[in-house]
Structure formats: C-alpha cells, structure tokens
Amino acid sequence: MSAQEPTTSRVVTVEVNGQSYERNVDVRRLLIHFLRDDLDLTGSHIGCDTGNCGACSLLLDGTLVKSCMLLAVQADGGRIETVEGLAAEGELTPMQEAFSAHHALQCGYCTPGMLMSATALLRVNPRPSEDEIRKGLQGNICRCTGYWNIIDAVKAASGQEVASRE
Amino acid sequence: MSETIETATPVAPEQALVVEETGAPQRGFAGQNVPRKEDKRLVQGEGLFVDDIKRHGMGYAHYVRSPYAHANIVSIDVSRAESLDGVYGTLIGEEVAAVTEPFFQISSPPGAHVKDYALALGKVRHVGDPVAIVVAQTRELARDAAELVEVEYEPLPALVDARRALEPDAPLLHDEAGGNLSWSGIYEWGDVDSAFAEADHVVKISELHFDRFNSTPLETDGALVEFNRGTGQWTIYTNNQFPGFAAIMMGPAMRSGLDKLRFVTQDIGGGFGNKITSHPQLVAICLLARKLNRPIQWTEWRTDFHLTMSHGNERWFQDTEVAVTSDGTLLGFRTKAIDDAGAFLRYEPLGGVIWAQVTPGCYRWKHVRLEFTQVMTNKAPVSPNRGYSRMQHLWFTERVIDIVAHELGLDPVEVRKRNYVRADEMPYTTPNGCVYDSGDYARMLDVGLELIGYDRLDERRRDAESRGKLLGFGIGSTLDSGTNNFAQSRLINPELQFSGNNEVATVKLDLFGEVVVTLGTTPQGQGHETTAAMVVADIIGITPDDINVRAGHDSYWNSHAGFSGTYASQFAVTGLGAVKGAAEKLAGEIKKLGSVVLGCGVDDLELAEGHVRMKANPEAALPLMACGAIINANNAGLPEDLDVTLNARYVFRPQFEVPDLERKYGNLTLTYAAQIHVALVEVDPETGVYEVVDYAAVDDCGKRIHPQIVEGQVMGATAHALGAATYETYAYDDDGNLLTPNFYDYHVPHSMDMPPLRTGYIESPSPFTPLGTKGMGEGGGAGIHAVCAALQDALAARGKPIVYDSHNPYHRVWELLQDPEASRSRVEVVAQ
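Those protein sequence lines, which keep their order, are chains A and B.
Quick note on the numbering used here: the first sequence kicks off at 204 and runs consecutively.
Quick note on the numbering used here: the second sequence kicks off at 2 and runs consecutively.
Printed below as a string of structure tokens:
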C-alpha cells in the first residue's frame, strides 16, 4: 500500500466477554456488524438504521453504548460486554431471571439490548426509583410489552417489591 | 401498578385434565403461569432470528428503490455495480417478469387486473418501490454497489389522497385496472330505511378519518435462501408469519410445486401482521439464489420497512347517518367507507370484508348499510396490521357512539350499557349472521370503571382544573374476532376457492420417552412453545418441562396445512385445538399399547406421573420410556393388528359454512374476545399537549391457558394503540414522499411515554372451541378509541369540538381548541 492511498482496513483487537479477538476489519464497518458478522456473536440485535432502538446496546469499557453508532475500529483495544456474557458461568443473572419471571419479554428481540441497559443502570444505581428505571431504559424500544413488565423486572432484580397483579 | 379483579362472572370449573381417579383430582397446568420455555434462550441472546443464519459463500442483498412516488422507468443500468469487485450479481424487473407470473390477485375485477411482480416493471408506484437488487460479498459492499445502479425515471403526477382517486383527472396507477378502484361493495342488513323513519334523532357526521400507521416490529423482514440445483428446491429461512399464504402466492408465481418451497422459521422478532406479505421479496431472493448459485441473505433496513412494508389501512367514513331514539337506543347507521390500499394489493382487498366480522361492534344495532370503496394510491401497500380492518371499523363505531352521546347529551357509560349486546343474549347473531360466542361487555365496563376510580371522576376533574388542566374520560369497547372462516374472501371474489380454516400439530413419543411437539404456527413472542407444552402435559400426565416443543415452523415437519401461520388471533383455538387433538390421539395409542403389555382393557388404564398404569392398581404401570422403546426399537411379538405408532398428527378444523354471498350473510369468525378500555387524559388548554394519566384495560378471551401471557398481549396491544393515538403516523407530503421513514421521525412509545396501567379480566369460556379459549392478542385498538373519547370529553368545555381523526398529535388538539367550530361543522343533529 502506498502512503497516498487511504486505509480501508485495519487490525482490531477487542476483548468480548473475556475472550480476545484480533481481526482485520473494514474501517467503515459498524461495531454491531463486526460482532454479528465477523465474530458470530449474534446475541446483540439490530432494529433500526438510526441509533434509536437500542437493540444493539452493549458495554464498552464499562460504558453503555449503542454499537450501531460506533465503528468497529473505535472499539480497538476495548473490553466489550454483551448479552452472551451475562450468564457466563451458566447461571442466569438476577436480571435475566427477573425478565423471565415478570414476562418482560415476548419475542425477545429487544431483550439483549434491554438487559444490557438495565444491567448498566443497576451498576451505577443499585436501587433505582421507577422514574430512574424509565429514564435508564428510554434508549431501548420494545414493541411487544409496552414496558410495564420490563420496569417490574428491573425493580425485582434490584431487590424491590413489585405490586402483584393477582 | 396493576391489579386484576376476580369477577362474579361465571367461570368454567377447572378441568381436571389429568385423569387421576385413584387419588385427589389433580389440577392441570392450564390456567397457571408456568415459566416460558422460550425465555432461557432469549435472555441469553441464544435465540435464532433470521439475520443470525449464515451460510458459506452467501451473498448479501440490497434493494435499489424508487425515489419517486410515481414514475415511468426509462432505463436501468446495472453494469457499474456489477463491475465492482466482490459484487456477485443483480436482478431487475424484466428478468423477474421473464421467469415468473404476476402474483395471483385476490380481488375480483377491477383489482383482479393489477399486475404485481417481485420487482417493479416499467413504472414505479410509490417511494421505495423496488427496481433492482444488488448482491455482494458484504452488507457494506452491496449497499455501495446499489448506489452505482443507474435508473432513469420519467416522473408522473402522484395520487396521495384516496378521496381523489376516482376523479376523472386523477393520476392512474395501474393501466390494466382501468382506474384506481380495486374493489367496491355494498353491505346492507336489516331494514335501514325503516330504522331511520322510526328514529327520533338522526345524527349526521360528514367525515371521519382513520390514520395510516403500523406496528413496526423491532426485527425487520428478512430471509436466507438456498437453492438446491439437484432437486430444484428452495429452502427459505425467513420470518414470514404466514407461510401458508406465502406458499399460495409464491408457488404459482414461480411456476413451482409447493414441495419445492421449504419454509423454515424459528424465532421471529415481532410480527403483528406486518410480516404476512413478504412474498414479493421472498420470490426475488429465491430467483437470486438460483441465478447466482449461492445462498442469498436479505435483511430489510428499518427505512426499507417503513417505506414499503404493510402499512395499516387508512380509511375515511363519509356521509355517516345514525338513527337514534330519544331514550338513546341505537337503531342503525349508514356510511360510506373509502379505504386506501396503497400501490399494490398484497393481501387486499380482504380488508373490504374483514371489518364485517364486527359489523355492529359491541352493540345491538340491527340495521346497517355500509358502502365500501377501496382505491389504490401512490403510497406503500397496506397489509394486515394488529386489529386488521376491524380496528378501523370499531374506531368508527366508538366514535359514532361518543359523538351521538355528546350531541344528544347522553351519558357515555349509560348509552353503552343500553346498547351493548347483553350476556343473556349470547351466543348472539349479528345483523350479518356472525355469532358472538360469549361475553359480558357491561360487566367488563364495570370492572374498568372500578379500576379507573370512576366514582371519583368529578373530584379529579376539579383537581385537574385547579392545575389549569382539562380532564377527559373515555371508553373504548372492542372485539377481537378470531379464527377466520376464509370463505369470507368469496364476498370479495365469488370465484375464490377458499373456505374454513385449519391448523396442524404432531405429538410423538420417541425412543427414550421424549415427548416431542411440532406446530404449524410461526410464533413471534406469543409463547406457543409454553402453552402447547401445558396442554400436552395435562393430557399425557407429565410436566411441561418433560416436553420438547420444536421452536418455529418447518414445512418439512409435515405439521402444516393451507392456513398455517400465526395471525388473526387464533392460536389458542386452532393451534391449541390441533395440539389437544394430537395429544389425545397419542394418549389413546399409549393406552392401547399399555393394554397389550399389561393385559387389561384400555378403559382400565390412566396416564399419570409419566406412566400408563392401571387405575385399580397403580403399581401395574409402564413408564413412557418403555412405551417409546417398545414401539420404536423392540417390537417383536406385538400383535399384527396393533395400530400404534406413537406419532400422532391432528388437523384442527373448525365447523364453518360458506356464507350466503347474495345477502353477504354468515358466520365469518369462530370466537369474539372482547376488550373494554378506559382512559383518563389531562389536556393543557394553552398548548394542546396532553397526557394519559390513568388507564385500565379489561379483557375477556374466554378460558386463559397462561394468564401472564394473555396479560402480556393485552399490554402490547394497549401500547400499540396508545402509540397510534398520539405519536405514530405514516404521513406523506403532496408529492408522495413518506415523512416518517425511520424511528427518528416515526416516534414509537418509549418507556417514558407509558401511562400507569391497571388490568382486569373476566373469563367467558367459548362454547365453540375445544378448550373454551378464544383467540386474542390483536385487540381492537381500544386505546385509540378511548383516547379519542377522552380528548373529546376533555375539550367539551371549550366549544365542544369533535374529535374526527384517530390520530391526535398535540398540534391537532391545539387546532381543536383554537377553532372548535371547524370540527363541529362536520356534525349535524336532525330531530324527527
């Protein structure tokens, strides 16, 4: 490659859920497509073209990000946590358990992003109020549940009482 | 936040489905909230959605779409795109037309003459109409290469307003159809003229408008298609939610036998009806898989979905007249519906009859005349969307009720209770011959009023007033008709050879005692694996955990029929009906085998705790594992005439007749779930901004197999309705440009937008279904109706404006406040 030609690909090294990956990546490739297409980590999803839906939400160096709003090369050297890493030891996390117990998922397509946003919220705010939960999830669209059960699940996962419906 | 109220409505006693006569009756799993079988994989990101599927050497497909609403295609040049390194090939409309037939049209003439192919041919008819597809090694490259396809267009005037479609100078979409009309029909039942002669008041409403939107499932449409050159078979991994319909559309178009089209689905990221009509895309991807001799992957971009897929039916109701007596009894109505189908008829004009499933809504109207006219416009094609076509009509009936009440000074609760079909009239035959199977709408309304705190309404109005707000109260009463009688399509086109309905399930007992269930359905979050396992568990005497329900649909499983899929609120009837039938068949075979092995009569046996055993002596028992092993691998010495395979297939077929086509009279659906919603809104009169401050949703879908799943569906339908009431619209400009082509502009509700919700239910088991269940899930858009009613109530003190549109963003409410007379001019009351 001559010095004048623009770089179209670069080597990227990332750690995803504790495992290291090194890949040659198109510099224009989005982080979400890198995870899904190159690393075959298809747990994180894509629901929009515009950064609105949050289905691709994950943690990059501990910060909640939408991985469709980043290029893969921007994650170089980073430590990524995705939904696949939550139950790393085979045991579901309290958040995953609460989502199931409270019927906070139907089709399950938004769920990976929703779980990552909720997990990130509880790390900084272990007992959020209902308003704080709603704010914490406002970057994630769910088209099945109307959010009520998701909010209940986050409350339950943070050890708070959830009003019974029965 | 939410609460459920047990009601006094009679509920069928719990069926002790597990036969257990030796001990205390054992309660079945049906009716309990068991953990969903689907959840474990979905909360770990281990679901298998269509975009997750990969094949070696596959190419990514990207569509080239029209930027014009209406234009002739002068030329398409794909050469620059094809010359790019890594581009595998392209497809254009002329190639499609050379190797496929136009899609079969449901409509009678003139809609029957529409020519619809997988890609545009000769002209484009809406922004986003596909003109070419590029396939390349990566998603990014396919997208880049698509930019290099050069299409020369000759723009034509666009038809955007359906009300203008039949004017002589309106732009013409389909020359072959000779005009923009797709279908029209006059429906009249009862004695409408006499009803109007008898009426004390005639309320006239010049025009109401139901807006265009859809449910925007978070996962867009997609497919991965492999073509086997040796057998000529396509394997279509997809998220299409009605493979039975796709097969009917695709086989003749592709000149292919249906066995060459293998449909496979697994996890589907929401459907809501919007994933029924992806057959044009599936055909195009099949053709590319054959042409390019490699697997082809296609995933719609969000913008593609908004531009092209399955918008809901937009509908006008003009020249409405309502006959009312002075005590508030509703005698009848007449109206003219104009339905906007968009550019193509992909499932239409079925919307022209589907509404008739709920002709009188929840009410005892006896005399009805509705002139239905459906036209084509330069907008995205419409297709089923949660509440399909009934929602539009139910919105109309609810709007009419509240406008009548408002104008005649009647109480909206009283006028409903006076006119609701009554519990003691069930099963109730509507003026057009539909049979409402069971229900108690007045009781449901009482539950809703209690949940919302109706007795404190005046107090809350004063409180809102003290804060400068206007409080409004509104009711939405709807029906969710389910299990279609497909013979209703013959009211649209008498030549069609569709009728009845069916669904299939298989239940088998395998070698090591595994019970395996296959379904013909294509669930998108409704929890079919769980509820099917519950029904089987109760019949075989095991637990849902012991049962493997295969995820998704595969037409190679031999567990599908012509109407297989998940749509139109029917799984709890058709799907579970098939599951129950197959499980009972298997139970019978297990007992037959048991009687041979244990040397007793079949009637001496029961299934419980994983065994077939003698009722009189539970020690004399054969484990299911032994049954599976004997039949599958250890069958020497069994009697020759023992007709036991332990592999049971059952087709559920509800009893239907073909309606009287002349009178348009007959039963169109098997069950009628009901939803009564109540909303309280607060409006800021300075700005028109409003908020739903309290909300109650009361549901009756008969026997509930899994109450939590039922409530989840109620919540989802409520959220969709609230989104459509306030935020969601497919707005077009005068040139036919879609102004809301993504989630930036098309605002769906977020977690911050949801009001406090209370839920309630009653259970009126259906007398017509195997489990007493009713199909549910779609709802009837009750939230839209309730918000419209609440807004009209809130604004009443400010000049009594009329809420005339289903979609009421804040600016429209502000307009109603600024100029109430403009809306009031739509309504006139004539005393007789």
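The C-beta atom is built at its ideal place from N, Cα and C for all residues, glycine as well.
Listed by chain order, chain A residues near B/Met755 by CB distance under 7 angstroms: Taking a Cβ-Cβ threshold of 7 angstroms, the residues of chain A close to B/Met755 are Gly349, Tyr350 and Trp351, in chain order.
Other residues of its chain near B/Leu85: CB distance less than 6 angstroms, five sequence neighbours each side excluded: Listed in chain order, the non-local C-beta contacts of B/Leu85 below 6 angstroms within the same chain comprise Ala146, local neighbours out to five positions each way being set aside.
Enclosing alpha helix (DSSP H) for B/Val715 [first to last residue]: Boundaries of the alpha helix (DSSP H) harbouring B/Val715: Pro708 to Thr727, taken from the DSSP string.
Alpha-carbon spacing of B/Asp459 relative to B/Asn420, whole angstroms: Computed Cα separation, rounded: 25 angstroms.
Contacts that B/Pro218 makes with chain A (C-beta to C-beta distance below 7 angstroms): In chain order: Arg346.
Start-to-end residues for the beta strand (DSSP E) that takes in A/Thr144: Here chain A covers residues 204 to 369 and nothing more, so residue 144 of chain A does not appear.
Where B/Leu662 falls, given that 16 or more other Cβ within 10 Å makes a residue buried: Burial call: exposed.
Residue interval of the alpha helix (DSSP H) (run including B/Leu739): Here B/Leu739 belongs to no alpha helix (DSSP H), and DSSP marks it neither H nor E.
Own chain, CB closer than 6 angstroms to B/Lys418, minus 5 neighbours either side, in chain order: Within its own chain, the residues whose Cβ lies closer than 6 angstroms to the Cβ of B/Lys418, once the five positions on either side in sequence are excluded, are Ala443, listed in chain order.
Anticipated Cβ contact below 8 angstroms, B/Leu792 with B/Val684, distance rounded: Yes, B/Leu792 and B/Val684 are in contact; Cβ-Cβ is about 7 angstroms, under 8 angstroms.
Beta strand (DSSP E) segment containing B/Gly784, residue limits: Boundaries for B/Gly784: no beta strand (DSSP E) harbours it, while the alpha helix (DSSP H) harbouring it runs Ala783 to Leu796, taken from the DSSP string.
C-alpha gap between B/Pro26 and B/Gly773, whole angstroms: Note that B/Pro26 scores a pLDDT of 42, beneath 50, so its modelled location is shaky; the value from the coordinates is reported in the next line. Cα-Cα distance, rounded: 20 angstroms.
CB contact below 9 angstroms: B/Tyr1 versus chain A: Chain B is shown from 2 up to 833; residue 1 of chain B falls before or after that span and cannot be answered.
Residues near A/Gln299 in its chain [Cβ-Cβ closer than 7 angstroms; skip 5 each side]: Cβ within range, chain order: Leu289, Ala290 and Leu318.
Range of the contiguous beta strand (DSSP E) that encloses B/Met615: Here the beta strand (DSSP E) through B/Met615 covers His612 to Met615.
Under 7 angstroms by beta carbon: chain A residues contacting B/Pro36: Ordered by position in chain A, the residues that pass the 7 angstroms Cβ test against B/Pro36 are Ser303.
Through-space distance from B/Val44 to B/Ile297, alpha-carbon basis: B/Ile297 and B/Val44: Cα-Cα distance of roughly 29 angstroms.
Own chain partners of B/His312 with C-beta closer than 8 angstroms, once the 5 adjacent residues on each side are dropped: Excluding sequence neighbours, B/His312 sits near Arg213, Phe214, Asn215, Gly343, Lys380, Ala381, Pro382, Val383, Ser384, Asn386 and Tyr731.
Contact with chain A by B/Thr304, beta-carbon distance below 9 angstroms: The beta carbon of B/Thr304 falls within 9 angstroms of a beta carbon belonging to chain A, placing the residue at that interface.
Contact with chain A by B/Ile269, beta-carbon distance below 9 angstroms: Using a CB distance cut-off of 9 angstroms, B/Ile269 counts as an interface residue toward chain A.
DSSP state of B/Pro156 mapped onto helix, strand, coil: In this structure, DSSP gives B/Pro156 an extended state, which the three-state scheme calls strand.
Supposed contact pair B/Val135 and B/Thr91 - C-beta distance, whole angstroms, cut 8 angstroms: About 5 angstroms separates the two Cβ atoms, so the contact holds.
Nearest-angstrom Cα separation, counted from B/Ile763 out to B/Thr10: Since pLDDT at B/Thr10 reaches only 37, below the 50 mark, its modelled position is unreliable, and no value is offered.
Cβ neighbours of B/Asp341 in the same chain (closer than 6 angstroms, five flanking residues each side left out): Take B/Asp341, set aside five residues on each side of it, and the residues of its chain with a beta-carbon closer than 6 angstroms to its own are Ala163, Glu315 and Thr378, in chain order.
Three-state secondary structure assigned by DSSP to B/Arg654: B/Arg654 carries a coil assignment under DSSP once its states are collapsed to helix, strand and coil.
Contact set for A/Phe302: own chain, Cβ-Cβ below 7 angstroms, skip 5 residues either direction: Taken in chain order, the residues that qualify are Leu308, Thr314, Leu318 and Ala356.
Status (buried if at least 16 other CB within 10 Å, exposed otherwise) for B/Ala82: Burial call: buried.
C-beta neighbour in chain A for B/Gln498, strict 9 angstroms: By this cut-off, B/Gln498 is not an interface position.
Whole-Å CB distance - B/His175 paired with B/Val115, under 8 angstroms assumed: Contact holds; Cβ gap of about 5 angstroms.
Contiguous beta strand (DSSP E) assignments of at least 3 residues, all confined to the region 208-244 of chain B: Taken in chain order, the complete beta strand (DSSP E) segments of 3 or more residues contained in the region 208-244 of chain B are 223-229 and 234-239.
B/Arg799 in three-state terms, based on DSSP: Three-state DSSP puts B/Arg799 in a helix.
Beta-carbon proximity of B/Asn242 to B/Gly553, cut-off 9 angstroms: Per the sequence shown, residue 242 of chain B should be read as Gln rather than Asn. No, the pair does not count as a contact, with Cβ atoms beyond the cut-off.
Any chain B beta carbon closer than 9 angstroms to A/Ile283: Not an interface residue.
Residue range of the unbroken beta strand (DSSP E) whose run includes B/Phe474: Residues Leu471 to Asn485.
Proximity to B/Ala254 [Cα-Cα], best of B/Ser279, B/Leu351, B/Lys124 and B/Ala119: Ranked by Cα distance from B/Ala254, the first of B/Ser279, B/Leu351, B/Lys124 and B/Ala119 is B/Ala119.
Candidates B/Glu227, B/Asp320 and B/Trp302, of which the one nearest B/Asn294 by Cα: Nearest of B/Glu227, B/Asp320 and B/Trp302 to B/Asn294, Cα basis: B/Glu227.
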